[in-house]
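What follows is a set of notes on a single structure, which appears directly below.
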Amino acid sequence: MRILVTGAAGFIGAELAHTLLQRGDEVVGIDNLNDYYDVGLKQARLARLQALPGFRFIHADIADSVQMQRLFEQIDCSRVVHLAAQAGVRYSIDNPLSYGQSNLIGFINVLEGCRHNGIEHLVYASSSSVYGANETTPFSVHDNVDHPVSLYAATKRANEAMAHSYSHLYGLPTTGLRFFTVYGPWGRPDMSPMLFADAITQGRPLKVFNYGRHKRDFTYIDDIVDGVIRALDRVPQGDPNWSGTHPDPGSSKAPWRLYNIGASRPVELLHYIELLEQALGAKAQKEMLPMQPGDVESTYADVTELMRDTGYRPKIGIEEGIERFARWYRDYYDR
């Protein structure tokens with residue numbers, strides 16, 4: 004297949020494109036290469052992809068409706084994986100307008116491109132953040148998620164509703180994937196693995212929010228990519244048993260589905276830091292801080308539906324995943 008991957012210079016996008024190319028697909032990757040974090044890291048990810056046959060990169064901004072319309076008309080792709088977005092819970096508190104542009108207007112442009120160009124299946128990134136004020140664990144796609152606690156989460160929840168409207172109105176098959184704390188080689192510098200590794204190796208105080216009592220369903224990048232591809236290869240059908248009198252939030256009569264992708268093994272933050280200390284061979288100087296606005300106490304993915312429908316099975320445990328990340332980190336940053 005020829006597959007469009009938005010956010011192809013991003014952490015998940017680059018690893019997904021790499022795996023699709025290795026299995027023989029063609030990939031058209033787009034990214035605006037913004038400076039939300041180190042552009043050099045994004046360019047290094049792209050260099051790995053451009054060394055492989057079947058990859059084409061287009062510098063484009065999903066929020067530009069004219070550019071996106073032309074792009075969809077020219078590339079002749081059969082499926083789309085939409086990963087481009089403005090990420091970050093805390094960043095959304097201080098920079099809300101960028102989330103409206105990328106996560107809302109950008110997503111409309113992707114939906115319109117899929118609608119008018121015969122796309123067989125749109126897979127898009129949602130987030131575990133949508134569970135918001137929900138305190139029932141593990142988080143299930145059958146849970147109500149109408150109480151987000153950050154603007155970032157609200158935009159991701161909006162994406163799910165927007166996708167449903169296009170699936171209902173136009174029969175566009177869409178699958179939303181709620182990612183749970185992705186980590187591994189080539190990861191984002193604004194996420195905890197890289198922030199913690201920087202602090203540990205450079206002897207700087209490490210900010211530990213909620214006094215280390217957070218639990219996160221840390222999910223290794225290879226497991227995330229495996230789940231995305233399994234979902235991509237399974238075009239959703241409408242559920243004939245879905246009822247509007249007792250509506251299931253995770254499915255529909257329309258060709259629209261939601262899945263959690265996680266390891267389904269929550270890890271306490273302090274244990275996570277201990278594993279990083281061991282892998283990097285240095286101790287952390289911990290600065291214990293209270294919970295931050297927009298944060299949630301715990302995340303824990305129920306992946307029953309993804310396992311049942313696609314055969315997904317997370318394979319990389321936290322100990323092995325942290326060791327792999329630490330090896331890449333020391334090599335890439337020469338530390």
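338 is the number that the working numbering gives the last residue of the sequence shown; the numbers go up by one with no jumps.
Yeah, the Cβ is synthetic: ideal placement off N, Cα and C, and Gly gets one too.
Check	Outcome
Length of the line joining the Cα atoms of residue 220 and residue 29	32 Å
Beta-bridge pairing of residue 263 - partner residues as DSSP gives them	181
Residue 286, buried or exposed, once every other Cβ within 10 Å from all chains shown has been counted against 16	exposed
Residue 315, DSSP secondary structure in three states	coil
Which of helix, strand or coil DSSP assigns to residue 301	strand
Residues that residue 223 bridges to, as DSSP identifies them	186
Closest Cα partner of residue 2 within the set 230, 80 and 272	Any property of residue 2 remains undetermined from this structure, which presents the chain solely from 4 to 338.
Same chain, Cβ closer than 6 Å to residue 211, five either side skipped, listed in chain order	289 and 291
Where the alpha helix (DSSP H) containing residue 71 begins and where it ends	68–78
Classification of residue 41 by the beta-carbon crowding that lies within 10 angstroms, buried from 16 upward	exposed
Inside the region 124–164 only - beta strand (DSSP E) runs reaching at least 3 residues	124–130
Cross-strand partners of residue 60 (DSSP beta bridge)	32
Collapsed DSSP secondary structure at residue 65 in the structure displayed	coil
Within 8 Å, strictly: CB atoms of residue 1 and residue 315	Lying before the first or after the last residue shown, residue 1 is absent from the chain, which here runs from 4 to 338.
Other residues of its chain near residue 123: CB distance less than 8 Å, five sequence neighbours each side excluded	81, 82, 176 and 238
Local Cβ density within 10 Å of residue 69, reported as buried at 16 or more and exposed below that	exposed
Residue 122 - DSSP class collapsed to helix/strand/coil	coil
Residue(s) in a DSSP beta bridge with residue 208	288
CB of residue 253 within 8 Å of CB of residue 133, strictly	no
Span of the beta strand (DSSP E) around residue 83	82–85
Terminal residues of the beta strand (DSSP E) in which residue 6 lies	5–9
According to DSSP, residues forming a beta bridge with residue 271	218
Close Cβ partners of residue 61 (< 6 Å) along its chain, the five nearest in sequence each way excluded	33
Sequence-distant residues of the same chain with beta carbon closer than 8 Å to residue 190, five excluded per side	14, 196, 197, 224 and 328
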